[in-house]
Structure formats: structure tokens, C-alpha cells
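Residue numbers (our numbering), protein chains in the order written: chain A, 11 to 181; chain B, 11 to 181. Cβ coordinates follow ideal geometry from the N, Cα and C atoms, glycine included. Down below is the structure, laid out as C-alpha cells.
2 protein chains.
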Amino acid sequence: MPNQPASDDLTAFCCNHDHHQCIDQALNKAKTLCKEHCARLTPVRERVLELIWQSHKPLGAYQILEQLARDGFNSAPPTVYRALEFLLEQGLAHRIASLNAFIGCAHPERRHQGYFLICRHCGSAQELPAETLTKPLKQHAQAQGFKVESETVELSGLCPNCQASTQDPSR
Amino acid sequence: MPNQPASDDLTAFCCNHDHHQCIDQALNKAKTLCKEHCARLTPVRERVLELIWQSHKPLGAYQILEQLARDGFNSAPPTVYRALEFLLEQGLAHRIASLNAFIGCAHPERRHQGYFLICRHCGSAQELPAETLTKPLKQHAQAQGFKVESETVELSGLCPNCQASTQDPSR
DNA sequence: GAACTGTTCGTTATAACATAACATTATTGT
DNA sequence: ACAATAATGTTATGTTATAACGAACAGTTC
């Protein structure tokens, strides 16, 4: 039986982690950070953060909007895009360009660009802890005289679970 | 004075290359490859390829559509998306996810994922010759048990020319 | 060259993603 | 309490992408 991972470990592809803990922790970190930065984590913003943490699958803006509507929040597109913009600015969420979707950030305390692994089968995504790749990437760019300001690195494929399930002949 | 680069070198950020040569070469390569692969480079497809080669700036589908309309081609969205789909399949074009845009591929003869440098100031993009990064990327993913099937690597920032022009106080 | 088959294209409609612009309400600092 | 700023509500629209179905075309077989 796999170990229960430490609370801020990589958990997306781990079937049996305590996901409530992920959510709680994310919300707590968010509250702390926003307080520190004098940023206002209003009810909509908090709820949107909670929603993108409901699973480790990136959510589209309109999926979020649907949920907000159910919760009785205002539900016009600007509402969700504003909340997302705030969360992105605060480093509490990331945008996945290749999916037009958003996902909560597990490490908002240190500002970073997310490198993502995205499972094409189950839709889960997790950040790839690959700070070591930043330097070579920037160096290659530098060799072309190019100055990198932001990075989009999204690797799509099959997560461990889905590698097993897709080779299952029953599928 | 900078050298004239060899014909299939990196040229996007080089101000004074002969761009007609880029286009000609791309179209010739496309014809050859399509013949080899028994793929039909029909008039619309060829024209779309030519259009995304008009500059080194990635083009949006609707920009392409506008041009097609001017040329008297049918101009409903499916037309351009079908042509683009074909070009992507044949490796003749790449999609830039972070821009929702498309750009011609200078090296269609060997199938690859493009790693892109995208200038936020002038809009030009060029492929980063960084095959050496593929292995480390995949290894990091592998370490998480993840099997990479496709890669989106897009670095945004300032190209050599725009680094100069944006620090120019006249801007 | 007629009939068959699969591919490409035309056409209409709509889905999915995102922002502009401006009015209103809430919060903060004085 | 007041003014200034930030956040939200609201309406409308812009942008990107695909579904679905029928017509035209190209290649293949007889």
C-alpha cells in the first residue's frame, strides 16, 4: 500500500490521498498570504479558489461559473474571470493554456511558473517540480539573444493510474 | 553587419533575412513531403500554409480566414480549421497554445514538438532548437510515473531586436 | 465510362472562451 | 460622515472553435 504523502507533496496522481486536506490547506495558505499582502480574499474569490481545488482537474471558467450559480453567487462571465485574475495575480492559481482551464496552486508561497503534467485520459494535472529545468530553458533562449519573461510548459500524456487502466483490455 | 543566415537557420528574429526564400522553401518542402506521404496539398491548404508563412508572427485562425476571403476562397471557419488540422497533422505547422495561433514549421521533415520563443513586443516567434531539453523534461515526468505524449513549451519575453527598442527612451 | 468508395469542401448553426464598458455597491482611510 | 478606491453587477459583444449534414470531387474497380 502506498504511503500517505506529506501534506504538500504531489498528490494529483495519487488515488488515495486525503483531498479534503488539500483543499483546507490551500484555503488556509490563501488566507494567510492574502492577509500578508493586504489582498482581499472576498467570498467569490474564496469560493472560486475552493472550486478549482475540488479536484486536481483543471476547470474551465464556465464550469466554475455553473457552480457559482448553484451557490447563489452572481454568475455572469466577468465575475469568474475577475476572481480568476485575482487568484492568478496572487499566485494562488495557474492557467493551463493548452486546456483553457485553471487549477489551484499548491505552492503559492513562492512565486513561480508552473510546469504541468496533464493526463489526457483522466484530466488530472499536477505541477512538475522541475526548477532545475528553468535554467537550461533560459540559457537556450539566451543563446538566441532572447530574454524570457514567462514560461508555459505543459506536458500531456498518461498519468500512472491511466497507463494501467488504458492498457487494460476491458477498456 | 550580421551574416545572412543559411537558408534553414533561425531567422525570425533576424531583421534582414530574405523572407521570400523562407516562404518558397517552406512551400517546396511541403509539396515534396505531401507527395511522399500521399497527402493532398489542395489549393486551400497550400494557401493557408503560404499565409502562415507570410511573416514569422503566429496568425490566428480568423486572421487567416480574412485573407482567404480576400483571395476568393470560401471563408467559413471550418474551412480554415480543416486546413490547419491538415497542416498540423502533416507537421507543416504548429499551434501556439498561449496565443491561440498558428505558425509554419521550418523543419517539417523530422517530426517534432516545437519549443517556441515568442516576443511579446513584436509578436514574432521562432522555434528554439532545444532537443537537448526533451530528455530532461521526459525524465522529470518519468520520475512521477508520467508518460509524456506531447509537449507544449512556449517561452514569452523579448527578442533581441525588441530588447533594444524597448529600452530606447523614445518608445 | 459507369458505379462505388472515401476524401474534401460548402454551409448553417452553435458551442466555448473571454473582455469592454459603464452603473452600483462596499470598503478603507481621513 | 465624507471622499477615494476597490470590488461587484449588468448588459452586450468579441473571439476562438466545432458539430452536423449534404454536395462535389478524386481514385479504384469493373
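In three-state DSSP terms, what is residue i?
i      : result
B:F156 : coil
A:E161 : strand
B:E95  : helix
A:R50  : coil
B:Q64  : coil
B:C25  : coil
A:I168 : A quick correction: the sequence has Leu, not Ile, at residue 168 of chain A. Here A:L168 sits in strand by DSSP.
B:H104 : strand
Nearest by alpha-carbon distance to residue i: which of the options is it?
i      : options                        : result
B:H30  : B:A49, B:A86, B:E60, B:G82     : B:E60
B:T176 : A:P170, A:C172, A:K157, A:N171 : A:K157
A:E137 : A:R92, A:P118, A:N171          : A:P118
A:T42  : A:G155, A:H66, A:Q100          : A:Q100
B:G133 : B:T52, B:L51, B:S65, B:E56     : B:S65
A:G82  : A:H131, A:I106, A:P53, A:S108  : A:P53
A:S108 : B:V163, B:N38, B:E46           : B:V163
A:Q35  : A:T142, A:E76, A:E56, A:L94    : A:E56
A:R92  : A:I106, A:C169, A:L75          : A:L75
A:L37  : A:F23, A:V58, A:L78, A:C48     : A:V58
So, at 7 Å on beta carbons, what are the nonlocal neighbours of residue i in its own chain, with the 5 sequence-adjacent residues on each side left out?
i     : result
B:C32 : T21, W63
A:L51 : A40, K41, C44
One question on the structure: do residue i and residue j come within less than 8 Å of each other, judged by their Cβ atoms?
i      : j      : result
A:G70  : A:N110 : yes
B:A140 : B:P68  : no
B:L127 : B:L97  : no
A:L102 : A:A153 : no
By the 10 Å Cβ neighbour count, where 16 or more other Cβ atoms means buried, how is residue i classified, buried or exposed?
i      : result
B:P183 : Chain B is shown only over 11 to 181; residue 183 of chain B falls outside these bounds and no answer can be derived.
A:C129 : buried
B:C6   : With chain B represented from 11 up to 181, any question about residue 6 of chain B goes unanswered, as that position is not in the structure.
B:L172 : The question names Leu, yet the displayed sequence has Cys at residue 172 of chain B. It counts as buried.
A:H150 : buried
B:R120 : exposed
B:Y72  : exposed
Given residue i, which residues of its chain have a CB within under 6 Å of its CB, disregarding the five upstream and five downstream residues?
i      : result
B:E161 : Q123
Identify, in the order they occur along the chain, each residue of the same chain with its Cβ nearer than 8 Å to the Cβ of residue i, setting aside the five sequence neighbours on each side.
i      : result
A:K148 : V158
A:H131 : L168, C169, C172, S175, T176
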